[in-house]
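Reading the sequence shown from the start, the letters are residues -9 to 505 in this note's numbering. Backbone N, C-alpha and C fix where the C-beta goes; we use that ideal spot for every residue, glycine too.
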Amino acid sequence: MTLNFRVMLQQALKVSGRSASPLLKWMERCVEGISVGCAKHNDHHQLRTLEEMPGPSLFSFAWDLFGKRGLSRLHELQLDGRKRYGPMWKASFGPILTVHVAEPELIEQVLRQEGQHPMRSDLSSWKDYRNLRGHGYGLLTAEGEEWQSVRSLLGKHMLRPKAVETYDGTLNGVVTELVNKLHTRRQQNPRGIISDISAEFYRFGLEGISSVLFNSRLGCLEAVVPMETERFIQSINTMFVMTLLTMAMPRWMHQLFPKPWDTFCQCWDYMFKFAKGHIDQRLEKEAEKVARGEEIEGRYLTYFLSRAGVPMKSVYSNVTELLLAGVDTISSTLSWSLYELSRHPDVQESLRVEVQSVLGDKLVPGAADVARMPLMKAVVKEVLRLYPVIPANARVITGRDIKVGGYLIPKNTLITLCHFATSRDPAQFPDPDSFVPQRWLTRDEGHHPYASVPFGVGKRSCIGRRIAELELYLAIARIVTHFDVKPDPEGGAVRPMTRTLLVPESEINLQFVER
C-alpha cells in the first residue's frame, strides 16, 4: 500500500470521524492477499480444480466422524483439517462432497459471490420431511423468492433497532420470572448450587421467543413445567442429533436402518403440532376480539405474518423454525456466559459495576440502558467467539462457478464455512482459547472482520440476532446484580460438543450467592 494512499485514506476517515487504523490494517492484509494470489496465479498459470484440492480419504474421514471422534467432535475436525491440509480442503460427509474453508479472507470471498438469493445448505433431511408431510418451508429451509419475501417482512420487525426496542418490556417480564426461578432453585441446595443450568436457560429461551412470537406464556419457568412444553424441548434436542445422522445417510439407507429417520420425523411432527396449536389459539382470540368490535394492537410476530397475507401453511412453518432457532441461541450463549464469568470474577465484578453505574436507582434495565454497556457487549462477543452456536455455516452457489483461494469451485458445490476454526485462530486472536472480553473494547481490534461472525453475514445472517442479543443483555444484567456467580467447587471444566449446534458436552453446575 503506497504512502500516498495511506494518507488519503486517513484524511478521508478523519473527516468521517472513524478510526483509520483497523481499516488500514484490513486493507493492508487485502493487498498482501492480492499479491500472494497473483504470485500463486503466476506459479500455476491457471486455477486449480477440486481434484487438486487436498483432503482426507473417504475411509479416513468416516473414521474421524463415526469411529475415533464421533459426530460430537465435528467442530474439532475443523482445527485438524486446517492443520493437516491448509485453509481449504475437501471431504465427503456421507453422500455429500463439501469444500471446507477455514480462513476469514476466503470466507469473505465465498460470501461476496453468493448472489441475490443466497442458499445456505441443502438441509436435505429437513426438506425431505416437509415434502413428506406437505408442510411449507420456513426461513431456515426456503430459498429464492419465497425466502426473500418472508425475510423482508420479518426484517422490519426483527432487525430494525427501534422495532426491537419495543420488545424490552415483554422480555423483561420473562427475565423477572427467570431471576425468581434462580432464587428458588438456589434455596433448594444448601450450598446454593444450581445444577444443569443449561436446562433452566433452555426453558427461559423458549419462554422468551414464545412471548415475542405469540405475546403469551407457555409456563416454562413455573414450578411445574407443562408436559407438552417439556416434550417440545426434548423434541428439539433429539431432532438436532438426528439431523446429523439423517444427512450423513443416503436416502436408500433409511429403508435398511429406519430408526434415525422415523425418530427425526416424530420430533418434527410434534414441533409442528406444538407451534400450530399455539398459533391457532392466539389467532382465535384475536378473531373473537374483532367479532366483539374491539381494537387489537398486535406487537407479536405471528400477528404480523398473518396480517400480511402470508399463507397459513407458511405461517406454521416459519413460526416452528423461529421457535427452535431462538431457544438454543439463548440457552447455549447464556450458559457459557455465566460459566466464563464464574471463572473470571474480576470480569464479573467489572460488569456488575458497569450495569449499576448505567442503571443508577433503576432496578430493571431497558433496551436503551444495555446499549450503553460496552463491557456487556464485549462479554457476549467473546463468548460467541469461543462457543459459536453455529460452529460451521454453509453456502451453495447455484448460479455459476466461483473462484476461491486459487481454486475453481463448480456451481452447486456445498461449501462449509469453518467459523469455529477462524474464531480460534491465533493469527486472528492472540491466546485464542482464553476468555478475554477486553479484546473487543479497543477500536483497533486487529482481526479480520470475517474471523468471528457467530450470527452470519449478509442477507442470510441470523434474522433474530437483535432480539437474541437484547434478551441476553437484559438477562445477564439482572443476574449479575442479584447474584455472585461462582463455579461449583466440586465441578470441573466443561467442553463444547457438536449436536448440529455447539452445546455444552456435560452439565454446567454453578453456585449462586445472593447479593
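- DSSP links K476 through a beta bridge to Q501.
- For N383, the beta-bridge partners assigned by DSSP are L407.
- In the structure shown, the three-state DSSP call for S142 is helix.
- Measuring C-alpha to C-alpha distances from L404 to each of D252, S114 and V443 identifies S114 as the nearest.
- With a cutoff of 8 Å on beta-carbon distance, C408 and A382 are scored as near each other.
- Under the criterion of beta carbons closer than 8 Å, F191 and I320 qualify as touching, at roughly 7 Å.
- Around the beta carbon of L431, a 10 Å sphere encloses fewer than 16 other beta carbons of the protein chains shown; the residue is thus reported as exposed.
- By DSSP's assignment, M487 forms a beta bridge with V493.
- Contact between the stretch 156 to 169 and the stretch 459 to 466 is established, with three or more Cβ pairs separated by less than 8 Å.
- For S82, the enclosing beta strand (DSSP E) starts and ends at M78 to F83.
- When DSSP states are grouped into helix, strand and coil, Y306 belongs to the helix group.
- Nearest to R72 by C-alpha distance, out of P44, L61 and G145, is P44.
- The beta carbon of L208 is closer than 8 Å to those of L196, E197, S200, P216, T219 and H268 in its chain, skipping five residues each way along the sequence.
- Assigned with DSSP and collapsed to three states, T471 falls in helix.
- Only residues of its own chain outside the window of five on either side were considered, and among them P422 have a CB closer than 6 Å to the CB of P416, listed in chain order.
- In the displayed model, Y377 falls within coil according to three-state DSSP, outside both helix and strand.
- Distances from the CA of G145 to each of I457, H472 and P477 were compared; the closest alpha carbon is that of I457.
- Within the same chain, Y192, G195, L196, I199, I223 and I226 come within 8 Å of V317 by CB-CB distance, once the 5 residues on both sides are set aside.
- Three or more beta-carbon pairs separated by less than 8 Å link the stretch 301 to 312 to the stretch 120 to 127, which places the two stretches in contact.
- The shortest C-alpha to C-alpha distance from F49 to any of A81, R74, E66 and L61 is the one to A81.
- Per DSSP, the beta-bridge partners of L398 are K393.
- Inter-residue distance for Q338 and F419 is about 22 Å (C-alpha atoms, whole angstroms).
- With fewer than 16 other Cβ atoms inside 10 Å of its own Cβ, Q346 counts as exposed.
- The beta carbon of Q428 sits closer than 8 Å to the beta carbons of A368 from its chain, once the five residues preceding and following it are set aside; these are given in chain order.
- In this structure, the alpha-carbon of R333 lies about 13 Å from that of F502.
- Each residue's CA atom was taken as its position, placing T406 and H90 some 5 Å apart.
- Note that the C-beta distance between D474 and R433 is not below 8 Å.
- One alpha carbon belongs to D359, the other to L295, and they sit about 30 Å apart.
- DSSP, reduced to helix, strand and coil, places R175 within a helical segment of the structure shown.
- Under the three-state reduction of DSSP output, L353 falls in the coil class, being neither helix nor strand.
- A Cβ-Cβ separation of about 6 Å places L203 in contact with V309 under the 8 Å criterion.
- The Cβ-Cβ distance between W251 and T236 falls below 8 Å.
- In the three-state reduction of the DSSP assignment, T88 falls in the strand class, which pools E and B.
- The beta carbon of E495 is closer than 6 Å to those of R485 and M487 in its chain, skipping five residues each way along the sequence.
- Classified as exposed, F247 has fewer than 16 neighbouring CB atoms from the shown chains inside 10 Å of its CB.
- For R123, the three-state secondary structure derived from DSSP is helix.
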